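Sequential numbering from 9 applies to the sequence shown in the working numbering. Worksheet: the structure to be examined is printed underneath.
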Amino acid sequence: MAAQIIDGKAIAAKVRAEVAEETKRLKAERGITPGLTVVRVGDDPASKTYVGGKKKAAEEVGFNGVEIHLPDTTTEAELLARVQALNADPSVHGILVQLPLPKQIHPDVVIATIDPKKDVDGFHPVSAGNLFIGRPGFRPCTPYGIMRLLQETGVPLSGKRAVVVGRSNIVGKPMAIMLLQQNCTVTIAHSKSDVRAEVERADIVVAAVGVLELIKGEWIKPGAVVIDVGMNRNAEGKLAGDVEFKAAAERASWITPVPGGVGPMTIAMLMKNTLEAAKQSAR
Ligand code: GUN
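Structure follows, in structure tokens:
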């Protein structure tokens, strides 16, 4: 059996088109242009690429996309003052501070300073708490995008055994809660787990560890759905995931490629969150 490919690039384009359409309506009916401000501190090359992509996507869906670039020497107090100014600015509906931050700045303090109503990354403790107790609120973009990918396969989730490999606050933990909300039986596996045993019995595998091809194709249960969040460089310098793609695709029913699977969804869901923030701002 060969798996069907989950085309994240196409699904992300569909999400962005939906957002663009609703944005037009929001402008026409209520005169609101969603505003997204992305703050980048220092010169991390990957962050520069990501932030550029976020600003471009924002402009393409009709938002007012702004990037604030601050020097590597910015103090925590200076960054907090910038965030507070954005909290107070009614034209800004979404605030995102790109991580990682320079050493002198504690990311937790910065994230907690963002107004939860503008927390389009879904990283604020209030957003995390709302997710945990099943209330509305902003969801972290990567796991939110994965839920959309799963929905697009049409595979029912209720009662399925799901394993999330990785326990980060940005992907693994929120992913597990979202799958639980859809009535999956969820396991979070990590570096102290028997990852192979957990993967072997899972109907849904979400790999978010950042270790090149840690998950072997032969571990995948026949017919499982495989979601690969990994973005690693292989020996040839090409992007590759946390799952051995070719071997896994021989057993899975559905699988995401790397690149072109989960990656494009993160920015698309950021647009969706920002639109939602703008819609709620005028109430
Ligand atoms: N760095 C890598 N991914 C992300 C993300 O989704 N949001 C923010 N703020 N920083 C990141």
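Cβ coordinates follow ideal geometry from the N, Cα and C atoms, glycine included. Predicted model only: the values in this text are computed from it and were never measured.
- Distances from the alpha-carbon of A276 to those of A54, K64 and S55 put K64 closest.
- Measuring C-alpha to C-alpha distances from G238 to each of F253, G218, K229 and G231 identifies G218 as the nearest.
- Within 10 angstroms of the beta-carbon of T274 lie 16 or more other beta-carbons, which makes it buried.
- If you draw a straight line from the Cα of L34 to the Cα of S99, it is about 14 Å long.
- By the beta-carbon neighbour count (other beta carbons within 10 angstroms, threshold 16), Q106 is buried.
- Burial check for I14: the Cβ neighbour count within 10 Å reaches 16 or more, so the residue is buried.
- Pairing L278 with K168, the inter-Cα distance amounts to about 28 Å.
- Taking the CA atoms as reference points, V128 sits about 13 Å from I178.
- Set against 7 Å, the gap from the CB of D250 to the closest heavy atom of the ligand GUN is not smaller.
- T161 is positioned such that its CB atom lies closer than 8 Å to that of W262.
- K32 and G70 do touch by the CB rule: their CB atoms are close to 7 Å apart, below 8 Å.
- Ranked by Cα distance from S199, the first of L222, C192, A54 and I185 is L222.
- Proximity to D250 across P265, A260 and I185 peaks at P265, based on C-alpha coordinates.
- For E75, no alpha helix (DSSP H) encloses it; the enclosing beta strand (DSSP E) starts and ends at N72 to L78.
- Restricting attention to V234, P53 and R209, the CA atom closest to the CA of V163 is found in V234.
- Excluding five sequence positions before and after L165, the CB atoms of its chain that fall closer than 6 Å to its own CB belong to Q190 and C192, given in chain order.
- Residue nearest to R204 within the set V171, S135 and A184 is V171 (criterion: CA-CA distance).
- Here the distance from the Cβ of T41 to the nearest heavy atom of the ligand GUN is not below 7 Å.
- Contact between the segment 16-32 and the segment 45-58 is absent, with fewer than three C-beta pairs closer than 8 Å.
- Remark: C-beta atoms of A11 and A257 approach each other more closely than 8 Å.
- Selection G43, G142 and G271 evaluated against E68 yields G43 as nearest (Cα-Cα).
- In this chain, the beta strand (DSSP E) harbouring R48 covers G43 to V49.
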